[in-house]
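To keep things clear, I will list the structure first and then write my remarks on it.
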Amino acid sequence: MKKLPHTHSCFVCGLTNPVGLKLDFETDGITVQARFVARHEHVGFKETLHGGILATILDEVMVWACGVQTGHFAYCAELNVRYLLPVRPGDEIHAVAGPIVNRRGKLFEATGELRDSRGNVLTTATGKYLPIKEVAAAELAADFIGDTSMLSKNRSS
170 MKKLPHTHSC FVCGLTNPVG LKLDFETDGI TVQARFVARH EHVGFKETLH
220 GGILATILDE VMVWACGVQT GHFAYCAELN VRYLLPVRPG DEIHAVAGPI
270 VNRRGKLFEA TGELRDSRGN VLTTATGKYL PIKEVAAAEL AADFIGDTSM
320 LSKNRSS
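Sequence positions in the sequence shown follow this note's numbering and run 170 to 326.
In structure tokens:
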């Protein structure tokens with residue numbers, strides 16, 4: 170697995186975002202994964218992680234899968250999340266996404282899931298992503314920290 174770069178500002182992977190999750194993503198070139206330990210400040214209802222945090226993690230891991238497989242980052246156009254089991258503060262969750270479906274470079278379809286340390290599926294998601302235009306992508310690239318070479322390849326799947 171190869172470690173993916175971070176950004177400065179992203180809520181999920183940004184290293185300098187003071188309230189961010191600071192997740193480390195890695196890839197085998199097809200799937201993208203990260204581990205996350207749920208904290209008390211992420212709670213919605215008492216002792217249960219807020220669904221928005223779980224959806225955010227799934228969105229992020231699926232965006233990274235799009236970037237890795239196509240060489241293009243994308244904006245989420247549609248996100249469908251299914252919550253199967255609650256996540257509690259202190260739980261370690263494993264996020265994974267990929268492979269994605271590339272609809273002729275105009276739309277990327279992704280799937281992702283969150284599992285607990287025992288392998289139980291906690292949350293699943295599907296998403297549709299629109300590639301970011303080259304002009305905007307170049308501006309966004311300035312926010313990256315680390316090796317972005319694997320993200321600049323224009324590959325299709």
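All C-beta atoms in this analysis are idealised placements derived from N, C-alpha and C, irrespective of residue type, glycine included.
Quick check on the DSSP output: the alpha helix (DSSP H) that includes V237 runs from which residue to which?
220-239
Based on the DSSP secondary-structure assignment, which residues constitute the bridge partners of K191?
Paired residues: none, contrary to the question.
For my contact list, A234 and L299 are in at a C-beta cut-off of 8 Å; report their separation, rounded to the angstrom.
Not quite, the Cβ-Cβ distance comes to about 15 Å (not below 8 Å), so this is no contact.
Simplified DSSP state of E282, which is helix, strand or coil
strand
To the nearest angstrom, how far is the alpha carbon of V206 from that of L184?
16 Å
What do you get for L254, buried or exposed, if any count of 16 or more other CB atoms within 10 angstroms of its CB means buried?
exposed
Would you please state the rounded distance, in angstroms, between the beta carbons of F313 and P174? I believe it to be under 8 Å.
5 Å
Out of I226, T239, T292, point me to the one whose CA is closest to T191's CA.
According to the sequence provided, residue 191 is Lys. The question's Thr does not apply to it. Closest option to K191, Cα to Cα, is I226.
Could you check what DSSP says for E247 in three-state terms: helix, strand or coil?
strand
Below 8 Å CB to CB, which residues in the same chain sit around V230 once its five sequence neighbours on both sides are set aside?
F194, V201, Q202, A203, A264, V265, A266, G281
Let me know if F242 comes out buried or exposed under the rule of 16 or more other beta-carbons within 10 Å of its beta-carbon.
buried
Compare the C-alpha of I199 against each of T239, E303, D285, A310 and name the closest.
T239
Chain-order list of residues whose beta-carbon lies under 7 Å from that of V181 (same chain, five-residue window excluded)
G189, L190, L192, T225, I226, E229
Going along the chain, which residues of its own chain have a beta-carbon closer than 6 Å to the beta-carbon of R284, five neighbours each way excluded?
H263, V290
CA-to-CA distance, R257 to R208, given in whole angstroms:
8 Å
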